[in-house]
């Protein structure tokens, strides 16, 4: 509640247009709005085109559908991550606009209001086994209003492929790098470009990769600075973070 | 080497102004410049005001001085991190402009060319024991041409202090959060603001904090998206990453 | 065996009402009661209304039914945790009073003697995926004679929801907090209330949450004091501990 | 700010005793008090006799003295944990009432207002090497207004000593158990008594105790319920938690 | 090859009963017996009644049957551990004497020669979920010629049950303790008896038991000496070790 | 691009046989060949007989077939590791020459050009459960043009078997050792032979073997030097490394 | 308290030789003796010649001297482990019989009563850096009344040295093996001999030995059964366990 | 003992030149030579010019000198690793030929017989902090008779420096790569060259590098095959392994 609004309320009270109880109720609820940004921040503001994101694992199809239904009135985009085709079929029954991205295992309901699309995000993945996490990152950024360039299978075992992609990557505002095993591509790329890199370690590998630990530590310990690490297999988090960075860039530049 | 440059060389060769050997030498060296971006990227481009950064630990004062001396001709800023006053005294002998930031344990030699200063970065630290890492992040961003707002001691044990700082934080383009122990402030803040958060876990704590592991895992597992994690105690990396994000914002907006 | 009881026995012996063998048998069995508190403590005293608790995993339905049957004569409440509907159907055949709590995966046979219900315990969970562990904590406390207030889905990603719940929480004697991922809610809440918090890390999350390790370390390293941590996913242990604390409060106040 | 207070303010405004600006200022500051409980909660309420607690490690003597000085006007107790005699000497210069507990490595400045002392807390330690952490727990509870019974050196290697102490322990409201190595005493005791146990794993041991990990895991995995675990070597946290539980008991019973 | 045997061979050679080639062949093969103890040690000597032990997991039924068949001529006992009823059915087809121990998941073919049975081994298990590992330990010791006393469900949560068993345990030469979770029973018992304890941590538990790590560390860090730890869930290894200790005792005493 | 080639191009340009654009295109593409070694290095040069290796896990049969088909024109050997019989059936449809190695779970399509076969590699495995990884190592080396001696089941529990194999092993140029559990055979063998040992820890074992960690650490910490460790269960990597070492030996000796 | 004793007490009571209070006191104290075995078990029975063992680390010289003094009346052996020469000098002042074993860092005060010495224990160490732990094991066994054969520097890097020692080792009742790094000697030896092996992993090594973890896991995962593992660097525990096993052997055989 | 030798002995015995006792003694001692290769293998054959290597840490200067002295008669090279200048001064007193390599912290006494020097080994290090381990690797290979090319400071943060070094590296038979932090250089290089790479992870770094764990896991999980990993900071082991590989190459080619 801004002082300005409060001044209006007090005037109304003073003028008898509001009772003491009205003022108390108003202040309390506005107080909640003053504290309650979280609601807006949690759902993520409608005005920014940020989607409601539902983390799929551990939720029944019924629970997912229930949350989706409660969102449908709000007319903004919906994204369900790490979910299944079965859940998609259930969601489809309550929203004909629902699409299923099989690679990422994601359900998307695009906002009708969603019109602007900012360029500037690239998603680079090291191996074919990293593709589903890379796709999760890419569609997250897309649903949040960005155009995404996808560059797959450019791991350092064949580093020339990465060099071939450099001109495109250097045109990005932010680069998402998705890699498992030793994830060396993150620090190699960080040594070659000047924009921030959002690094997603994946659980791709076996043995002493310890479910993604080797990739995670590799990215956190990059000898080149400029690497922002998110959780193992967290494609959504990477797409979200990249969108935040990219939006700042384009929003600021208006 | 751009096609354009190559065309010029071929013209010169064609016109007899360059011998075949000249062309080969030129192409090879330009090739190195074409591949050799790394040199530029490693040192970090002079034009961006990015500093040469020297990681202090494990280097003798002599080694640090040697590297600093080799940089002094290039007239761009120098930063030595996690170093000591003893090393500073040695550096001071070769550069009168050297300053020592005691809190961060850093030596700074500011570039004469460094004139622009972008606003937009805040550094938030959770406890007084996190101050030195927070300061390392702050001066890194400053040396890279940014104005930094420092907000200290706003850990979630007294969450009102964080709320008091929200108006300032919401004016930032990017927020660096420095916290040890459980590092809850990173996810709390990520739920309250819309800009990206660069999270630095610190080794502050004891027992099952396991030298910063609890803070690291806490930040990587933030229930709110928008958190970019760097290595434990890596204040430099956080300042660098924040500068990259902030520079993009202001450079793009020109 | 208290000295008082022993005195009575000796009088009876002295008066010829008990033979030497009677006394020995009595002392031995009472000795067992004197040493054998464990039996009482293990089962947990009938008089306190504490339930016999059977940990479900790794036991066949037959084993569970066998233990339940041996308890049915004692007329006090029974609780089987982390069990299945299949096992419930088997238990139901030997006790028509058995109920199945699907959310918690628990079988409950309420004691007929169970009449008092103490208020004072709240169970707070951070996300919908934490609900089953939260419910396990809640029904444990209920079966032990407590009224429980359940507050779900108040993770720090939308911290206003937690603030909305503060008035209720501040009326509690003890608060159980159930959270996965980084579990920041435990330390945030510990900084806001004055009563003890029983913290249950859950294995909810993925990647570097390492099956609940991030939540466990987060709770153990809370920057605010007043957090009592139990094992990962140990809803029962939290409900039990909270009941102990709450019972002390109300029993003492008589 | 309670509705009642707000009503008074509105009456004053209505009666012209407060201007519109007065009301805004009053609401804002009270708002801060309404959100700002944290300040009170952080320092811990004067009325409860809770001390300001300063975690010693990583702070210079100057920093400690500075914080202590800022507290001296408030006339409530001060506790500095895990500190040194050198720091104590510096604190003593600004407060003649400062005492040094050598065993715990703690500085205490008792509140003049501190008069009530609740009984009900026992501190049990397993070995002589656990004594300093046990003492930290004990003095924390004492400074918070509790009488503490100390029972040392009752590890399970000589379990009869623990049995000897049972009558005293069973008169407690809450028992703090401090143990390193395998910390078996926590679960043994939890199987013998009915009140909650606050368990402090210590880093006492060597080899595969891995700096307290074995004790921590042992306590978290107690086969008997009723064990509340805090961080390794966190005597302060245990004392604080026990005081919260014990205070609830006595305050409620009034 | 003992000198005595060599002398005989040389005499035979000297006497022309053996050719030079005979001697070489004899020495080489006996040499292999002199080096080749391993065969005997690996299979474990027929004369000691030690069984051929086949570790079941990762072997097909065909592989198990093949190894069993190759053993059947040698007339000494066979033990297959951690196997299934399906494999047992296959083994039964080649040996009618095969028995299946369902609790331990073990196949046993007793030696006809096996006649002596040494008393002196007790197997103590903490919870019902530890029973299968305890049984694996027990039958291993039995197949190796020992009488085994089984004492189940005496975990420290009800320590009186352990005390009741002490007279029996004190009559043992060696005690096998099988426990999961925090495994406190190992150190409690080691503080109460004078004979060596072979401790088997089990993977029973959940959460921060980390697949048996808590029990393993608990046993390794026992505050009472006299605890010999084997691998997690290694009932066979414990039974074998106990049999070695017990055999030494009785063999030496002849 | 070698200077020699460049000189030819420049001559052609000079002679008017190439236009400026031709030269640029040529240099750029050759540049790619100069940088682009990676392609050759990644696929591994046709001329060295190195196979295209496809890591099976996480790829659908369709994906594997797709990659195999794109390789079939190149006429060099193909190896698919850690795959299934189902995938083999699919591959067989596009290549009648495909063979399935059931033990290793590998698909092989031998090159028609593959004629030379170098001797010098032995593969030693400790237990029958290590056989599939050992076979993966062996066929990798075979497909790369080596003869491989397989020596199975020579773990240190029966060390005489290892000694029997020493004469064969000492004729090798490089020895691959495949072992799980404590993997002691690697350091024992390294103390007995003079050629390099490529050590493959396997995940064979249970409990505190922690999915191969014990074998991995055992091999990395070998008290005898000369042990080259690869990832847990990485039979392919070991076979590849051994082939590299062996090829160097024979190629150099020509 | 045995029934027999109880019967005597009741007779005395019946006969008026004991009052009711006498009986209660007697039963209670005998009860304590019935429970209180621990005292005897903890100190370890004088009659077995078991020493009082004082773990040195974390105790001041004053504390050590205090404990030693309280033992001196009991006339049985004293052992202080992992202590310093400084502490020895202090102990020497109260007991002229004190000896210092520099290699083990141990103080020994031999019992005058100690006369029997059992043969049968060998201590084998892998490298010279393991010597101090090996010596700690040896003197522990010696002080407990055993003759100990020491065999040093027989690591598997030169396995012939181990074979040379086999005849001596095969004459032992129990063998203590002390090794760091990968500790392969434990499983090699377990495959060669028939008596139990007490394995002490040491923290000798660096890097991925992780303070003894590699040796610990190596010993726990021995592919040959018959290995009893104790804590890292726990020479005392190994000596104690070996003495228990050996004493059983010789005591039983009387 | 070879059959041929045995035949000679038998002839001698047959001819009466040897008694039966002579033959037994001869066979037994030769047996030891047949088993006893270890001595030769341990010290490492004089003929190969392999040095006696003494691991410095945990040995007193006296111990080092003692071992060195016992080697001096054998006239072959000596290498003491990870030692100090103080120890060097002591060694120098018994051998004037001793040299101290300060960077590696190594003492070297070169063999007079050492004449051949094979080329073919390169040592590449990623950062200046890796230099001492790289030097340890280099001098180990040198003392074993190899010429070593050192290429320092070519980490992937400035990948052009690595490309500049490729021509030299491609002339090697084997490349040692020494890197800390994420150690990406190992897999990058493995993707660019065809010879085996010996990878040494170093403990260089901080925070989540966890004393070299990140580099170790990075190297073990290289996405390009051909990487042989040794222990963290094990420069000696890498130099030794590379020398074995290189020696095989040149010896075989004779």
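Protein chains in written order, with our numbering: chain A, 1017 to 1270; chain B, 1017 to 1270; chain C, 1017 to 1270; chain D, 1017 to 1270; chain E, 1017 to 1270; chain F, 1017 to 1270; chain G, 1017 to 1270; chain H, 1017 to 1270.
C-beta atoms are modelled at their ideal positions from N, C-alpha and C, and glycine is treated no differently.
Would residue i and residue j be called neighbours here (beta carbons separated by less than 9 angstroms)?
{"i": "residue 1238 of chain A", "j": "residue 1202 of chain A", "result": "yes"}
{"i": "residue 1218 of chain A", "j": "residue 1196 of chain A", "result": "yes"}
{"i": "residue 1167 of chain G", "j": "residue 1181 of chain G", "result": "yes"}
{"i": "residue 1209 of chain E", "j": "residue 1146 of chain E", "result": "no"}
{"i": "residue 1094 of chain F", "j": "residue 1124 of chain F", "result": "yes"}
{"i": "residue 1212 of chain C", "j": "residue 1190 of chain C", "result": "yes"}
{"i": "residue 1262 of chain C", "j": "residue 1136 of chain C", "result": "yes"}
Quick check: is the beta carbon of residue i nearer than 9 angstroms to any beta carbon in chain H?
{"i": "residue 1138 of chain E", "result": "no"}
{"i": "residue 1227 of chain A", "result": "no"}
Quick one: is residue i near chain A, going by C-beta distance under 9 angstroms?
{"i": "residue 1026 of chain D", "result": "yes"}
{"i": "residue 1237 of chain B", "result": "yes"}
{"i": "residue 1208 of chain H", "result": "yes"}
Taking the alpha carbon of residue i as the reference point, which residue from the options has its own alpha carbon closest?
{"i": "residue 1098 of chain A", "options": "A:1150, A:1142, A:1177", "result": "A:1150"}
{"i": "residue 1083 of chain H", "options": "G:1169, G:1083, G:1222", "result": "G:1169"}
Check whether chain E comes within 9 angstroms of residue i, counting only Cβ atoms and requiring the distance to be less than that.
{"i": "residue 1145 of chain F", "result": "yes"}
When you compare the CB of residue i with every CB in chain G, is at least one pair closer than 9 angstroms?
{"i": "residue 1071 of chain C", "result": "no"}
{"i": "residue 1029 of chain C", "result": "yes"}
Under a CB-based cut-off of 9 angstroms, is residue i close to chain B?
{"i": "residue 1185 of chain C", "result": "no"}
{"i": "residue 1241 of chain A", "result": "yes"}
With 9 angstroms set as the bound, which would you pick, yes or no: does the beta-carbon of residue i sit closer than that to a beta-carbon of chain D?
{"i": "residue 1232 of chain C", "result": "yes"}
query: Going along the chain, which residues of the stretch 1245-1261 of chain D sit with their C-beta nearer than 7 angstroms to a C-beta in chain B?
result: 1247, 1248, 1249, 1250
message: Output needed in chain order: residues of the stretch 1212-1225 of chain A with a Cβ under 9 angstroms from some Cβ in chain F.
response: 1220, 1221, 1222, 1223, 1224, 1225
message: Beta carbons nearer than 9 angstroms to chain A: which residues of the stretch 1101-1128 of chain H have them?
response: none
- request: May I have a chain-ordered list of the beta strand (DSSP E) segments no shorter than 3 residues that lie completely inside the stretch 1111-1174 of chain G?
  value: 1115-1117, 1122-1125, 1134-1141, 1162-1167
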